[in-house]
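Below is one structure, written out as structure tokens; the observations come after it.
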Amino acid sequence: MNKNNDDQALCGLSQEQLDAHWMPYSGNREFKKDPRLIVSAKGNYYTSADGRKIFDGLSGLWTCGAGHSRPEIIEAVSRQVKELDYSPAFQYGHPKSFELAHRITELMPEGLNRVFFTGSGSESVETALKVARAYWRKKGQASKTRFIGRVKGYHGVNWGGVSVGGIVGNRALYGQGIDAVHLPHTMLPENLFSKGMPETGAHLADELEAMLALHDASNIAAVIVEPLAGSAGVIPPPVGYLKRLREICDKHNILLIFDEVITGFGRMGSNTGAEEFGVVPDMMTIAKQLTNGVIPMGAMVAKQEIYDTFMEAGGAEYMLELPHGYTYSAHPVACAAGLASLDILAQDKLVERVKTVSPQFQEMLHSLKGTKYVSDIRNYGLAGALTIESAPGEPALRPFQIAMKCWEKGFYVRCGGDTIQLGLPFTVENAEIDNVINALGESINELA
Ligand code: PLP
């Protein structure tokens, strides 16, 4: 261990304890030499083990838009644990899952009204992909098994999600996945430093026509995209792009899946990206903000026609309609957290608040244009990112170094690939927007 080798900063953890936890994704070796432990959270701030207040510039991992430790959620969860801590997920049910499913449908674009609960975003994606294939088989079109994802897309870490995903580093180690091909991403050189949606790029959706000609629509089950790509570094869709994808899917009888694990429940200033961009998919995946991050939970929301296709199953009514589900699907404690979390969004008008504060966020973020190493800035709602690039011959500056500098200054921001990402809490104050972006700019300048 390097610097933080006092007992407080390590919470009394031994090296053996630190070694025992194989942390997800990368950074185990670096983290375990110099751990950044978080011990509590309230509102828009964490407290680090070394006693500092840290502003949460990514709302957890795009999860905690309503702020941390909301008493309403704490109470709902505590009550639920005392009342019904677990209930079997199939053949038996508990009332809260039906209440929550109905609440979710009220926030969905019209037509998306059947909710299948999962335990995470990755499980939601897996569910959507399996349902897509099974749907076509039920329709007598069993050859429709291939998927179309997108370069730079992120759809979680399970087999289907990794296969349709398009982030290079996430796939290389795993070899063959399920059958998937990829549309290009939508970042065009002429759209650098666009504010909100880029003006040009709708034509990139026409690549789907070419892809369908090549692979034949009779082999394609679904197209899956994030309306706004989050993990690759906040890539808003070009004006008209999603609408064009919808038209082509309709023309060729292909399902369209929106992965709204990040964009669902407020991040864009609307309930969903589908609502914000005026395009209704056939299935949508959600998670993260659904419970404000308090309990793991996700869902796949489908059009009724898809659900009905499975309900037409022959045989006795107690027979399986869809052989798919999780032990923790519709977990009662997660449902209680979900209901409380959606109540907060409505009562505090947080989705509207995102719309109100995002213009200031946009202006502040774009004020970093001209900062050394910043080669692009993108934003929508309360999501934003900088691309960090070194000019030829310049010493390299890694986004990781910037994130660590921000952490030293009391700000948590995310580094991912060649980007720094911000996903501010919906409860963010104007001064906090200024502070985190100023700290980001200062961090880059100091390192440069
Ligand atoms: N889909 C999208 C768009 C995501 O952003 C994520 C996570 O960031 C996932 C799926 C996977 O969700 P989880 O990490 O809950 O499995």
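Each residue of the sequence shown is one higher than the one before, starting from 1 at the first, in full-length UniProt numbering.
No residue lacks a Cβ here, since even glycine has one placed at the ideal position from N, Cα and C.
- Assignment of beta-bridge partners to residue 376 by DSSP yields 387.
- If you check the C-beta of residue 285 against ligand 1, you find a heavy atom less than 8 angstroms away.
- Note that the segment 255 to 267 touches the segment 224 to 239; at least 3 beta-carbon pairs, one per stretch, sit closer than 8 angstroms.
- Judged by the Cβ position, residue 282 fails to qualify as a neighbour of ligand 1 at the 8 angstroms threshold, every heavy atom of the ligand being at least this far.
- Taking residue 342 as the centre and dropping the five residues before and after it, the same chain places the C-beta of 103 closer than 6 angstroms to its C-beta, in chain order.
- One alpha carbon belongs to residue 274, the other to residue 50, and they sit about 42 angstroms apart.
- The shortest C-alpha to C-alpha distance from residue 184 to any of 199, 237 and 141 is the one to 237.
- Taking the Cα of residue 287 as reference, the smallest distance to any Cα among 338, 11 and 281 is reached at 338.
- By the neighbour-count criterion, in which a residue is buried when 16 or more other Cβ atoms sit within 10 angstroms of its Cβ, residue 22 is exposed.
- Note on geometry: alpha-carbon atoms of residue 414 and residue 356 lie some 24 angstroms from one another.
- Taking non-hydrogen atoms of ligand 1 into account, the C-beta of residue 262 is found less than 8 angstroms away from one of them.
- Note on geometry: alpha-carbon atoms of residue 64 and residue 424 lie some 9 angstroms from one another.
- Taking residue 129 as the centre and dropping the five residues before and after it, the same chain places the C-beta of 160 closer than 6 angstroms to its C-beta, in chain order.
- The beta carbon of residue 281 lies closer than 7 angstroms to those of 256, 257, 258 and 274 in the same chain, with the five residues before and after it left out.
- DSSP places residue 421 inside the beta strand (DSSP E), whose first and last residues are 419 to 423.
- CA-to-CA, the gap between residue 32 and residue 17 works out to about 10 angstroms.
- Across the structure, residue 348 and residue 89 are spaced so that their CA atoms are roughly 32 angstroms apart.
- Counting the other CB atoms within 10 Å of its CB gives residue 56 a total of 16 or more, which places it among the buried residues.
- A residue is called buried when at least 16 other Cβ atoms come within 10 angstroms of its Cβ; residue 42 does not meet this threshold and is exposed.
- Residue 27 counts as exposed, since fewer than 16 other beta carbons sit within 10 angstroms of its beta carbon.
- Contact check for residue 164 against residue 149 passes: the beta carbons are separated by less than 9 angstroms.
- For residue 239 and residue 78, the gap between their C-alpha atoms comes out near 45 angstroms.
- If only uninterrupted beta strand (DSSP E) runs of at least 3 residues are considered, those enclosed by the segment 33 to 76 are 38 to 42, 45 to 48 and 53 to 56.
- A residue is called buried when at least 16 other Cβ atoms come within 10 angstroms of its Cβ; residue 14 does not meet this threshold and is exposed.
- Excluding sequence positions up to five before and after residue 192, its CB lies within less than 6 angstroms of the CB of 376, all in the same chain and listed in chain order.
- In the structure shown, the three-state DSSP call for residue 9 is coil.
- From the listed residues 168, 209, 136 and 389, the smallest Cα separation to residue 244 is found for 209.
- For residue 96, the number of other beta carbons within 10 angstroms of its own is at least 16, and it is reported as buried.
- Under DSSP, residue 285 shares a beta bridge with 259 and 300.
- For residue 366, the enclosing alpha helix (DSSP H) starts and ends at 350 to 366.
- Within the model, the alpha-carbon separation for residue 251 versus residue 145 is close to 18 angstroms.
- For residue 118, no alpha helix (DSSP H) run applies; the uninterrupted beta strand (DSSP E) run containing it begins and ends at 112 to 118, by DSSP.
- Excluding the 5 residues flanking it on each side, residue 253 has same chain C-beta neighbours closer than 7 angstroms at 217, in chain order.
- Relative to ligand 1, residue 136 has its C-beta separated by 8 angstroms or more from all heavy atoms.
- Close CB contacts of residue 115 within its chain, under the 7 angstroms cut and outside five residues either way in sequence, are with 101, 104, 105, 299 and 301 (chain order).
- Annotation: the continuous beta strand (DSSP E) that includes residue 181 extends over 180 to 183.
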